[in-house]
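Worksheet: one structure, shown below.
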Amino acid sequence: MSWLPDDFVHPVLVPLPGGDHHLRPIRETDTPLDYPAVMGSRERLWTVYGPAWGWPAATMTYEADRADLLRHEKEIAAHQSFNYALFDTAETALLGCVYIDPPERAGADGDISWWVVDELVDSTVERALDALVPQWIAADWPFERPRFIGREISWSDYLALPGIPTVQ
Numbered sequence: 001m002s003w004l005p006d007d008f009v010h011p012v013l014v015p016l017p018g019g020d021h022h023l024r025p026i027r028e029t030d031t032p033l034d035y036p037a038v039m040g041s042r043e044r045l046w047t048v049y050g051p052a053w054g055w056p057a058a059t060m061t062y063e064a065d066r067a068d069l070l071r072h073e074k075e076i077a078a079h080q081s082f083n084y085a086l087f088d089t090a091e092t093a094l095l096g097c098v099y100i101d102p103p104e105r106a107g108a109d110g111d112i113s114w115w116v117v118d119e120l121v122d123s124t125v126e127r128a129l130d131a132l133v134p135q136w137i138a139a140d141w142p143f144e145r146p147r148f149i150g151r152e153i154s155w156s157d158y159l160a161l162p163g164i165p166t167v168q
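If you count the sequence shown from 1, position 4 lands on 4 in the UniProt record's numbering, and the numbers rise without skipping.
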């Protein structure tokens, strides 16, 4: 059974209210912008994603990030998982990401989380993203029970949920 309906078409550009930023699927070619964004916010991101994903490691290299983005790009094309990058209008800065993944824990049909770079924490851009993501998921994605990790459920509570059995 597929995670998403066969006829589902993922959005390719999602404007953030205010007109100065947008989301789009991340690509391997975004590495020159992604790597400094991630590593510049690495300590805070590790406190969020480290326990669950072991990311971003302090030793992550540019090449490892490039390989990770290529993996994300392939997963997006195959509709296995989605990583949307938050950009300024001209795409001269990557400012955060939104992850839309199949559930790994019971109780949801999609796991969604997001982050912004340290400089945008508690900013109008972060607040706009916080407001947009649940509305966007409800409007454009085929989920009945999305789970907003780090928002509606803490990461520690999420990690304590039972896993979904894998079919062999």
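Note that CB positions come from ideal geometry on N, CA and C, so glycine has one too.
Rounded to the nearest angstrom, what separates Leu161 and Trp141 at their Cα positions?
Straight-line spacing of the CA atoms in Leu161 and Trp141 works out to 23 Å.
What does the Cβ neighbour count give for Glu126, buried or exposed, with the cut at 16 atoms within 10 Å?
By the neighbour-count definition (other C-beta atoms within 10 Å, threshold 16), Glu126 is a buried residue.
Let me check one thing: in DSSP terms, what residues is Leu94 bridge-paired to?
Bridge partners of Leu94: Phe87.
Assuming Val98 and Leu23 are in contact, meaning their beta carbons sit under 8 Å apart, how far apart are those beta carbons, in whole angstroms?
Their Cβ separation, rounded to whole angstroms, is 6 Å, which keeps Val98 and Leu23 in contact under 8 Å.
Less than 8 Å separating the beta-carbons of His21 and His79?
No.
With distances taken from CA atoms, which of Arg151, Ala64 and Thr47 is nearest Pro36?
Measuring C-alpha to C-alpha distances from Pro36 to each of Arg151, Ala64 and Thr47 identifies Ala64 as the nearest.
Keeping to the same chain, check which residues put their C-beta closer than 6 Å to that of Trp3; ignore five residues upstream and five downstream.
Same-chain partners within the cutoff: Pro102.
Ile76: first and last residue of the uninterrupted alpha helix (DSSP H) it sits in:
Counting along the chain, the alpha helix (DSSP H) containing Ile76 begins and ends at Tyr62 to Ala77.
Return yes when the Cβ of Leu45 is within less than 8 Å of the Cβ of Trp115, no when it is not.
In this structure, Leu45 lies closer than 8 Å to Trp115 by Cβ.
Quick check on DSSP: helix, strand or coil for Arg44?
Of the three classes helix, strand and coil, the one that applies to Arg44 here is helix, per DSSP.
So what's Leu161 in DSSP terms, helix, strand or just coil?
DSSP places Leu161 in coil when its eight states are reduced to three.
C-alpha gap between Ile164 and Glu43, whole angstroms:
Spanning the two alpha carbons is a distance of roughly 30 Å.
With a cut-off of 8 Å, do at least 3 Cβ pairs link the stretch 72 to 86 to the stretch 48 to 60?
Result no; under three Cβ-Cβ pairs closer than 8 Å.
Roughly how many whole angstroms lie between the Cα atoms of Ala68 and Gly18?
It is Asp, not Ala, that sits at residue 68 in the sequence shown. Cα to Cα, the separation comes out at about 30 Å.
Applying the criterion that 16 or more other CB atoms from any shown protein chain within 10 Å of the CB defines a buried residue, is Phe82 buried or exposed?
By the neighbour-count rule (16 or more Cβ atoms within 10 Å), Phe82 is buried.
First and last residue of the uninterrupted beta strand (DSSP E) at Pro134
Per DSSP, Pro134 belongs to no beta strand (DSSP E); it is in the alpha helix (DSSP H), Thr124 to Asp140.
If the criterion is Cβ atoms closer than 8 Å, does the pair Leu120 and Leu16 meet it?
No.
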